[in-house]
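Here's the structure, in structure tokens; my notes come after.
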Ligand code: DX5
Ligand code: ZN
């Protein structure tokens, strides 16, 4: 399976975002990961749909919008209109509203012709989202608790990656995108790829690297 690297602009310089996007593109990135935080589902606030609208014309790479927000359904239209290629929403944010909210949100994203995905935190069993696997374009397994870049990778998540890939195969979707988000480094990338993830998010590993081209190639190898 083709391995894709998604630099997270959370670790880029917000005052020079255009350069951060260009750096990802010229270094061989496959997607741009956009961490949207609302100050409630997670403590920090980052940016919203306006940022996506502004960076959309700067790159042809798919914009992978990771919504760490309460009530994600209310945000779908803004991000779809802004030019998102993927919108992913948290099981935890959805499930506290109702048992059907996640499915409804994913269907709403799909109806906007945008790729959809469900995200689980490190402490949430991947089995909790098996029912929505058939409608997901992407499944995201958090390997840190959401909210901050630069945290340490939680290795226990690798077992969940193996389970997720096996379940994707079982339902006839062997090539489904499985993304790992948080703490990805050159040291753990091989184990992540071997477990079955094919999209690796890299925030600090990429933007703080002295040689981003080399780092990106090493993550992908
Ligand atoms: C965490 C974010 C991640 C984060 C990754 O809440 O969802 O995408 O930016 O950053 P690193 O790669 O530094 O852990
Ligand atoms: Zn993220």
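In my numbering, the protein residues as written are 1 to 221.
Glycine is no exception: its CB is placed at the ideal position from the N, C-alpha and C atoms.
Here's the rule: buried if 16 or more other CB atoms are within 10 angstroms of the residue's CB, otherwise exposed. What is residue i?
| i | result |
| --- | --- |
| residue 38 | buried |
| residue 161 | buried |
| residue 149 | buried |
| residue 155 | exposed |
| residue 1 | exposed |
What did DSSP end up calling residue i once you bin it into helix, strand or coil?
| i | result |
| --- | --- |
| residue 116 | strand |
| residue 67 | strand |
| residue 229 | Past the boundaries of the shown model lies residue 229; the chain is included only from 1 to 221, so the question cannot be answered. |
| residue 154 | coil |
| residue 62 | coil |
| residue 37 | strand |
Is residue i a contact residue of ligand 2, with contact defined as CB to any heavy atom under 7 Å?
| i | result |
| --- | --- |
| residue 181 | yes |
| residue 8 | yes |
| residue 33 | yes |
| residue 126 | no |
| residue 90 | no |
Tell me the residue span of the beta strand (DSSP E) that contains residue i.
| i | result |
| --- | --- |
| residue 4 | 4–7 |
Just checking residue i against ligand 1 - is the residue's beta carbon closer than 7 Å to any of the ligand's heavy atoms?
| i | result |
| --- | --- |
| residue 202 | yes |
| residue 150 | yes |
| residue 205 | yes |
| residue 147 | yes |
| residue 68 | yes |
| residue 139 | no |
| residue 184 | yes |
Note the first and the last residue of the continuous alpha helix (DSSP H) segment covering residue i.
| i | result |
| --- | --- |
| residue 53 | 49–55 |
| residue 24 | 17–26 |
Ligand 3 heavy atoms versus the CB of residue i: any closer than 7 Å?
| i | result |
| --- | --- |
| residue 114 | Among the ligands present in this structure, namely ligand 1 and ligand 2, ligand 3 is not found. |
*Ignoring anything shorter than 3 residues or poking outside the segment 73–147, list the beta strand (DSSP E) runs there in chain order.*
86–90, 115–120 and 138–142
*Can you give, in chain order, each stretch of the alpha helix (DSSP H) that sits fully within the segment 159–213 and has at least 4 residues?*
189–195 and 204–207
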